[in-house]
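**Student:** Following numbering that gives the first Met the number 0, the numbering of the sequence shown begins with 0 at its first residue and continues without gaps.
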Amino acid sequence: MRRIDLIAPAKINLYLRVLGLRDDGYHEIDTLMVPISLADRVGVEITGRGEISVRCPGRPELDGPDNLAWRAAEMFRRQAGGDSGIRVVIEKNIPLAAGLGGGSSDAAAVLRALDRLLEHPIDSEELFSLAGRLG
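Right under this line is the structure:
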């Protein structure tokens, strides 16, 4: 089994202007974001062939396929064409629904970890595209 642990920093928006609605349902924005020291810890492990699991110890309501980190793992695996089992464990320190981008940061950490663990099976442009589709 191979594992990577990453920091997923919170962010604050110093400036945010909503420009309009995109075709995918998200909003086009103009923003200036900066990371802050508050962060989640995201561990990602390749477990062989199998399922994707996401656990947030102490926060069972965040476990499973509704978590953006799970969606990131599933999208990455589908794009890379693999069937590896993926286990994600998130130590949540960023408050939920506080506008600090915790879920998006966790999902980005999962994408970065899988890219490293699986030795870059997709190019950088597609990796950025996956991140953009997650929100």
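Backbone N, C-alpha and C fix where the C-beta goes; we use that ideal spot for every residue, glycine too.
Between Leu116, Asn92, Trp69, which lies nearest to Ser36 when the distance is taken from Cα to Cα?
**Tutor:** Position 37 of the sequence shown holds residue 36. Of the listed residues, the one whose Cα sits closest to Ser36 is Asn92.
**Student:** Report the residue from Thr46, Asp39, Ala71, Ile85 whose alpha carbon sits nearest the alpha carbon of Ala130.
**Tutor:** Reading the sequence shown from its first residue, position 131 is the one you call residue 130. Comparing Cα-Cα distances from Ala130 to each of Thr46, Asp39, Ala71, Ile85, the minimum goes to Ala71.
**Student:** Going by beta-carbon coordinates alone, are Val17 and His26 separated by less than 7 Å?
**Tutor:** Residue mapping note: residue 17 aligns to position 18 of the sequence shown, counting from 1. Residue mapping note: residue 26 aligns to position 27 of the sequence shown, counting from 1. In this structure, His26 lies closer than 7 Å to Val17 by Cβ.
**Student:** Would Arg68 be called buried (16 or more neighbouring beta carbons within 10 Å of its own) or exposed?
**Tutor:** In the sequence shown, the residue the question calls residue 68 occupies position 69. Arg is not the amino acid found at residue 68; the sequence shown has Ala there. Buried, because 16 or more other Cβ atoms sit within 10 Å of the Cβ of Ala68.
**Student:** What would DSSP say about Pro59, mapped onto helix, strand or coil?
**Tutor:** By 1-based counting over the sequence shown, the position of residue 59 is 60. Pro59 falls in the helix class under three-state DSSP.
**Student:** Would you call Phe127 buried or exposed, if buried means 16 or more other Cβ atoms sit within 10 Å of its Cβ?
**Tutor:** Locating residue 127 in the sequence shown gives position 128, counting from the first residue. Its Cβ having fewer than 16 others within 10 Å, Phe127 is exposed.
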